[in-house]
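Engineer:
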Amino acid sequence: MSTLKDRLTADMRAALKARDELTTSTLRMALAAVGTAEVAGREKRELSDDEVLAVLTKEAKKRREAATAFADAGRAEQAGKETAEGEVLERYLPKQLSDDELAELVSGALAAGGFTGKAQMGPAMKAAQAAVAGRAEGGRVAAEVRRQLGL
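Here it is as structure tokens:
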């Protein structure tokens with residue numbers, strides 16, 4: 133079992149004992165998503181910490197998007213719940229890069245690979261994503277790569 137999954141399970145048990153309903157339900161949802169990812173594919177397998185982190189990132193993004201949708205629809209109570217759940221999940225994610233740090237990493241990756249034009253967008257994105265290593269959302273990375281390639 134991955135150490136991140138162990139941490140999620142231990143924190144869920146602690147939240148259960150503390151009767152923290154928000155944290156308990158959020159961590160149950162996260163562990164269910166991890167379990168679903170483990171049985172996806174041909175055979176069941178244990179996820180690595182990086183794979184568990186990817187699942188948590190996806191779930192946190194879902195919470196942010198749902199909170200925005202609820203807020204736009206005028207459902208402040210539900211938006212607040214989704215935001216709170218997202219904050220619980222953020223505790224387990226690495227700190228996101230600032231715009232300046234992202235620009236610096238992308239610049240370094242593009243320079244190292246010698247990427248200069250639109251035709252090289254795919255390989256440039258691959259290099260940039262490797263440099264960022266999950267510390268920024270793909271959309272932010274893509275926007276920065278496009279900006280630096282002049283697209």
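Using the numbering used here, read the sequence shown as starting at 133 and increasing by one per residue.
Beta carbons: idealized from backbone N, C-alpha and C, even for Gly.
Cβ atoms of Leu154 and Asp143: under 8 angstroms apart, would you say?
Structural biologist: Stepping through the sequence shown from its first residue, residue 143 is reached at position 11. Stepping through the sequence shown from its first residue, residue 154 is reached at position 22. For Asp143 and Leu154, no; Cβs fall outside 8 angstroms.
Engineer: Would the beta-carbon of Ala259 fall within 8 angstroms of that of Gly245?
Structural biologist: Reading the sequence shown from its first residue, position 127 is the one you call residue 259. Reading the sequence shown from its first residue, position 113 is the one you call residue 245. The answer is yes: Cβ separation under 8 angstroms.
Engineer: Whether or not the region 182–200 and the region 262–271 are in contact is what I'm after, with contact meaning three or more pairs of Cβ atoms, one per stretch, closer than 8 angstroms; do they touch?
Structural biologist: Output reads yes: the region 182–200 touches the region 262–271.
Engineer: Grouping DSSP H, G and I as helix and E and B as strand, with all else coil, what is Gln285?
Structural biologist: As displayed, the chain neither begins before 133 nor continues past 283, which places residue 285 out of reach and without an answer.
Engineer: Could you name the residues of the same chain whose beta carbon sits closer than 7 angstroms to that of Ser134, not counting the 5 residues immediately before and after it, in chain order?
Structural biologist: Your numbering for residue 134 matches position 2 in the sequence shown. For Ser134, where only same-chain residues beyond five positions count, the Cβ hits under 7 angstroms are Glu178, Leu179, Ser180, Asp181, Val184.
Engineer: Quick check: the Cα distance between Ala146 and Arg223, rounded to an integer number of angstroms?
Structural biologist: Against the sequence shown, residue 146 aligns to sequence position 14. Against the sequence shown, residue 223 aligns to sequence position 91. Roughly 15 angstroms separates the two Cα atoms.
Engineer: What three-state label does DSSP hand Asp152 in the structure shown?
Structural biologist: Reading the sequence shown from its first residue, position 20 is the one you call residue 152. Coil, per DSSP.
Engineer: Give me the residue from Met253, Ser239, Glu214, Leu163 with the minimum Cα distance to Lys193.
Structural biologist: As a first step, residue 193 must be located in the sequence shown, where it is residue number 61. Among Met253, Ser239, Glu214, Leu163, the Cα nearest to that of Lys193 is on Glu214.
Engineer: Give the C-beta separation of Leu229 and Gln280 to the nearest angstrom, bearing in mind that I take them to be a contact with Cβ-Cβ under 8 angstroms.
Structural biologist: By one-based count along the sequence shown, residue 229 stands at place 97. By one-based count along the sequence shown, residue 280 stands at place 148. Not really, about 15 angstroms apart at Cβ, beyond 8 angstroms.
Engineer: Compute the distance between the beta-carbons of Arg195 and Glu217, then report whether it is under 8 angstroms.
Structural biologist: By one-based count along the sequence shown, residue 195 stands at place 63. By one-based count along the sequence shown, residue 217 stands at place 85. Yes, Cβ-Cβ distance for Arg195 and Glu217 is below 8 angstroms.
Engineer: Helix, strand or coil, according to DSSP, for Thr158 in the structure here?
Structural biologist: To locate residue 158, count along the sequence shown from 1; it is residue 26. Looking at Thr158 - three-state DSSP - the assignment turns out to be helix.
Engineer: Would you tell me roughly how many angstroms separate the C-alpha atoms of Ala205 and Glu197, rounded to the nearest one?
Structural biologist: Within the sequence shown, the letter at position 73 stands for residue 205. Within the sequence shown, the letter at position 65 stands for residue 197. Whole-angstrom Cα-Cα distance: 12 angstroms.
Engineer: Whole-angstrom Cβ separation of Glu276 and Val238, contact assumed at under 8 angstroms?
Structural biologist: As a position in the sequence shown, residue 276 is number 144, starting the count at 1. As a position in the sequence shown, residue 238 is number 106, starting the count at 1. Confirmed, about 5 angstroms.
Engineer: By DSSP, does Lys176 sit in helix, in strand, or in coil?
Structural biologist: Numbered from 1 along the sequence shown, position 44 holds the residue referred to as residue 176. Lys176 falls in the coil class under three-state DSSP.
Engineer: Under three-state DSSP, which class holds Phe202?
Structural biologist: Stepping through the sequence shown from its first residue, residue 202 is reached at position 70. DSSP places Phe202 in helix when its eight states are reduced to three.
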